[in-house]
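Below is one structure, written out as structure tokens, with a few remarks after it.
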Amino acid sequence: MPPRLPISLQHALMQHSTPESRQLVLGLIQAKQPLTVQELYNLAQQRHAETQSSSASDAPVDNSEQPIIPSMRYLKRAVLPALQQMGRVEKVHTKQDLTEEERDALKAKMGTKSKRAATLPKHVELWQWQLKVKQPPQVVKEKPVFGKEVGVDADWSHLNRRRLRAREEKVRRDVQWLKQLARARQEDTVSA
Numbered sequence: 001m002p003p004r005l006p007i008s009l010q011h012a013l014m015q016h017s018t019p020e021s022r023q024l025v026l027g028l029i030q031a032k033q034p035l036t037v038q039e040l041y042n043l044a045q046q047r048h049a050e051t052q053s054s055s056a057s058d059a060p061v062d063n064s065e066q067p068i069i070p071s072m073r074y075l076k077r078a079v080l081p082a083l084q085q086m087g088r089v090e091k092v093h094t095k096q097d098l099t100e101e102e103r104d105a106l107k108a109k110m111g112t113k114s115k116r117a118a119t120l121p122k123h124v125e126l127w128q129w130q131l132k133v134k135q136p137p138q139v140v141k142e143k144p145v146f147g148k149e150v151g152v153d154a155d156w157s158h159l160n161r162r163r164l165r166a167r168e169e170k171v172r173r174d175v176q177w178l179k180q181l182a183r184a185r186q187e188d189t190v191s192a
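Have a look at this one:
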């Protein structure tokens with residue numbers, strides 16, 4: 001049995017997620033997604049209890065072993081942000097419709113004289129975690145620039161102001177000429 005760390009060092013370890021905790025959370029999300037933080041924590045605690053009960057039948061009971069995810073704070077502040085920063089999971093906002101049984105259960109928890117119980121919404125808004133969907137990179141299709149052959153969209157930054165103005169005026173004239181030429185070609189194809 002490894003020796004336990006002092007409280008001061010345990011706190012330092014809790015600031016960073018461990019690979020085991022990240023793998024556990026990824027496995028839980030892959031099995032059943034999307035999940036709220038509360039659902040993730042409950043599933044992690046169930047998994048820890050299952051491993052404790054299966055190992056307890058083989059060896060003497062040792063309750064001093066910490067679960068992989070010891071607290072909700074560790075899950076929310078260390079594990080999920082690390083996975084989000086890696087690009088593995090994302091937080092999504094969803095709306096779920098409440099069934100009549102769920103609404104009745106909420107009203108019972110609030111009490112009969114509660115003003116909020118009388119105006120319960122039909123849906124609940126939740127923040128849930130799911131695996132990040134990898135989207136293929138979008139290829140930006142460039143429109144062909146009209147007049148590129150006469151200098152539109154060219155870099156004239158090496159010219160001084162006088163020559164730059166003259167070059168821009170020359171390009172503008174050439175573009176007008178190209179437009180007239182294109183119009184004449186269109187009229188020629190229509191008449192033919």
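In the numbering used here, the protein residues as written are 1 to 192. Ideal Cβ positions, reconstructed from N, Cα and C, are used throughout, including at glycine.
C-beta atoms of residue i and residue j nearer than 8 Å
i	j	result
residue 147	residue 178	yes
residue 105	residue 17	no
residue 45	residue 81	no
residue 35	residue 28	yes
residue 41	residue 75	yes
residue 107	residue 120	yes
residue 150	residue 175	yes
residue 98	residue 134	no
residue 124	residue 72	no
Residue range of the beta strand (DSSP E) that includes residue i
i	result
residue 95	89-97
Residues sharing a beta bridge with residue i, DSSP
i	result
residue 129	35, 91
residue 124	96
Range covered by the alpha helix (DSSP H) that runs through residue i
i	result
residue 81	80-86
residue 15	That residue, residue 15, is in no alpha helix (DSSP H); it is neither H nor E in DSSP.
residue 189	161-191
Heavy atom of the ligand MG within 7 Å of residue i beta-carbon
i	result
residue 160	Annotation note on the ligand MG: not contained in the displayed structure, which lists no ligands.
Contact with chain C by residue i, beta-carbon distance below 8 Å
i	result
residue 145	Checking the listed chains, one finds no chain C in this structure; it contains a single protein chain.
Is it a yes or a no for the segment 163-170 touching the segment 129-145, going by three-plus beta-carbon pairs under 8 Å? no
Between the segment 79-94 and the segment 122-137, do three or more beta carbon pairs fall short of 8 Å? yes
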